[in-house]
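First comes the structure, then the notes that go with it.
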Amino acid sequence: SVAGPDFLPAVLVAIVSPDLMDTRTALCFKDGDVCAPTKELRKAAPVSLEKLKTASKARNATINDILLLATTGALRRYLLHVKDPSLMSGKSLRLRAIMVMSLRPPTMPVAVANKLTFILIPMPVQTSDIAGRLKKIQASVKFVKTSLLPTITTFLFDVLFKLAGQAAMQHKIQSVQRNQTLSFSSIKGPDGEVTLCGAKVKSISYWVNPAQMPLLVSAISYNGSVNCQATIDAGVIKDPDALVRCINEEFTAILEVL
């Protein structure tokens, strides 16, 4: 309800958080940087969906929680790999992912148009252990799911659009994108094998390219596996291959620990 205990925190987060700038790590734009016109595309090794389900059930988590966990751990590994001063200093840092969230209730008929908003998820890269990172991610996701934050965020953008128009809203979106470190998205794909023009589809990947972000991590399940891929601005993230190796290493570590 509007009078619930999470209402005021949700309002505060919706208004203030998008305008806060993430710590300028080796994953972020620096002042004056311009988004590259082209991106590097990298694909991580497929991961068993069954193993991810087993790991998620063991920790009372969702598959999306585990994917966020793997992404957070991979970013930590990469920052350690490049000896990023912000992480190595031990000082508090802010690193967040923009995550698209559907506002369509499960009972609502599927329509052509999307009903989406975006939320900001803190990525606890300073937490050294996997279980600790997962606990913090689950707390952040729970707040989003149980509060009015998605609804309030959508309302604020609707107000901006109606009062100032499309150009002002696009400028705001681009500003928010530059303030965050990355965009993260995951979708459920076909459970079984599909064919295209009679040929069996071996794997499915998808990439999204936000105009003002140097990194996007996306994941899709297909036929018993989960495929993760990254869209990378190599002008900012200097070693794209190392970042993808970090994703592979983190999935291996998670499945060993959880």
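Residues in the sequence shown are numbered from 99 upward in steps of one, following the numbering used here.
Using N, Cα and C, we set each Cβ at its ideal position, and we do this for glycine too.
By the three-class DSSP mapping on this structure, what secondary structure does M221 have?
For the purposes of this step, residue 221 is taken as residue 123 along the sequence shown, with counting starting at 1. Three-state DSSP puts M221 in coil, outside helix and strand.
Among R231, L125, C126 and P116, whose alpha-carbon lies nearest the alpha-carbon of E348?
In the sequence shown, counting from the first residue as 1, residue 348 sits at position 250. E348 has its Cα closest to that of R231, out of R231, L125, C126 and P116.
Judging by CA-CA distance, which residue of I285, I330 and Q264 is the nearest neighbour of M197?
Counted from its first residue, the sequence shown places residue 197 at position 99. For the residues I285, I330 and Q264, the minimum Cα distance to M197 belongs to I285.
Between the CA atoms of Q310 and V132 - distance to the nearest angstrom
The residue given as residue 132 occupies position 34 in the sequence shown. The residue given as residue 310 occupies position 212 in the sequence shown. Each residue's Cα considered, the two are about 8 Å apart.
Tell me whether V306 is buried or exposed, calling it buried when 16 or more other Cβ atoms sit within 10 Å of its Cβ.
As a position in the sequence shown, residue 306 is number 208, starting the count at 1. Exposed, because fewer than 16 other Cβ atoms sit within 10 Å of the Cβ of V306.
Below 8 Å on the Cβ atoms is my contact criterion, and I expect Q278 with D182 to pass it. Report the Cβ-Cβ distance as a whole number of Å.
Position 180 of the sequence shown, counted from the first residue, corresponds to residue 278. Position 84 of the sequence shown, counted from the first residue, corresponds to residue 182. That belief does not hold up - the Cβ atoms of Q278 and D182 are roughly 17 Å apart, past 8 Å.
With burial defined as no fewer than 16 other Cβ atoms inside 10 Å of the residue's Cβ, what is the status of P248: buried or exposed?
Residue 248 sits at position 150 when you count from the first residue of the sequence shown. The residue in question, P248, is buried, as its Cβ has 16 or more Cβ neighbours within 10 Å.
Could you round the C-beta distance between M221 and L177 to whole angstroms and report it? I think they count as a contact, below 8 Å.
Position 123 of the sequence shown, counting from 1, holds the residue named residue 221. Position 79 of the sequence shown, counting from 1, holds the residue named residue 177. Their Cβ separation, rounded to whole angstroms, is 11 Å, which puts M221 and L177 out of contact at 8 Å.
Cβ neighbour criterion (16 or more within 10 Å) applied to D331
One-based indexing of the sequence shown puts residue 331 at position 233. Under this definition D331 is a buried residue.
Where F253 falls, given that 16 or more other Cβ within 10 Å makes a residue buried:
For the purposes of this step, residue 253 is taken as residue 155 along the sequence shown, with counting starting at 1. The residue in question, F253, is exposed, as its Cβ has fewer than 16 Cβ neighbours within 10 Å.
Contact under 9 Å by Cβ, K141 with C326
Position 43 of the sequence shown, counting from 1, holds the residue named residue 141. Position 228 of the sequence shown, counting from 1, holds the residue named residue 326. Yes, the Cβ-Cβ distance between K141 and C326 is below 9 Å.
Might you give, ordered along the chain, the residues of its own chain that have their beta carbon closer than 8 Å to the beta carbon of L139, omitting 5 neighbours on each side?
As a working note, residue 139 is residue 41 in the sequence shown. So the qualifying residues of the chain are W305, Q327, A328, T329 and I330.
Give a yes or no on whether the C-beta atoms belonging to V299 and A124 are separated by under 9 Å.
Here residue 299 refers to the residue found at position 201 of the sequence shown. Here residue 124 refers to the residue found at position 26 of the sequence shown. No; because the gap between Cβ atoms is not below 9 Å, this pair is not in contact.
L106 - DSSP class collapsed to helix/strand/coil:
Here residue 106 refers to the residue found at position 8 of the sequence shown. In this structure, L106 counts as helix in the three-state DSSP scheme.
Take the Cβ of V355 as the centre, count every other Cβ of all protein chains shown within 10 Å, and call the residue buried at 16 or more, exposed below.
One-based indexing of the sequence shown puts residue 355 at position 257. V355 comes out exposed.
For V100, count neighbouring Cβ atoms within 10 angstroms of its own Cβ and tell me buried if that reaches 16, exposed if not.
If you number the sequence shown from 1, residue 100 lands on position 2. Its pLDDT being 48, under 50, V100 is placed unreliably by the model, and the measurement read from it follows with that caveat. Label assigned to V100: exposed.
If you draw a straight line from the alpha carbon of Q224 to that of K336, how long is it in whole angstroms?
For the purposes of this step, residue 224 is identified with residue 126 of the sequence shown, where counting begins at 1. For the purposes of this step, residue 336 is identified with residue 238 of the sequence shown, where counting begins at 1. In a straight line, the C-alpha of Q224 is about 21 Å away from that of K336.
Going by other Cβ atoms of all chains shown within 10 Å of its Cβ, with 16 needed for buried, is T136 buried or exposed?
For this step, residue 136 is matched to residue 38 along the sequence shown. When all chains shown are included, T136 counts as exposed.
Given this structure, state the Cα-to-Cα distance separating F127 from S154, to the nearest angstrom.
Locating residue 127 in the sequence shown gives position 29, counting from the first residue. Locating residue 154 in the sequence shown gives position 56, counting from the first residue. S154 has its alpha-carbon roughly 33 Å from the corresponding atom of F127.
What does the alpha-carbon distance come out to for the pair V292 and V145?
Residue 292 sits at position 194 when you count from the first residue of the sequence shown. Residue 145 sits at position 47 when you count from the first residue of the sequence shown. In a straight line, the C-alpha of V292 is about 19 Å away from that of V145.
Give the list of continuous beta strand (DSSP E) stretches no shorter than 3 residues that lie fully inside the stretch 242–294.
280–285
Which of helix, strand or coil does DSSP assign to D337?
Residue mapping note: residue 337 aligns to position 239 of the sequence shown, counting from 1. It is coil, neither helix nor strand.
Give the straight-line distance between the Cα atoms of D256 and L280, rounded to the nearest whole angstrom.
Against the sequence shown, residue 256 aligns to sequence position 158. Against the sequence shown, residue 280 aligns to sequence position 182. Straight-line Cα distance between these residues: approximately 24 Å.
Within the stretch 103–185, ranges of the beta strand (DSSP E) (whole runs, at least 3 residues)
138–141
Tell me, please, whether the stretch 338–346 touches the stretch 153–172 by the rule of three or more beta-carbon pairs shorter than 8 Å.
yes
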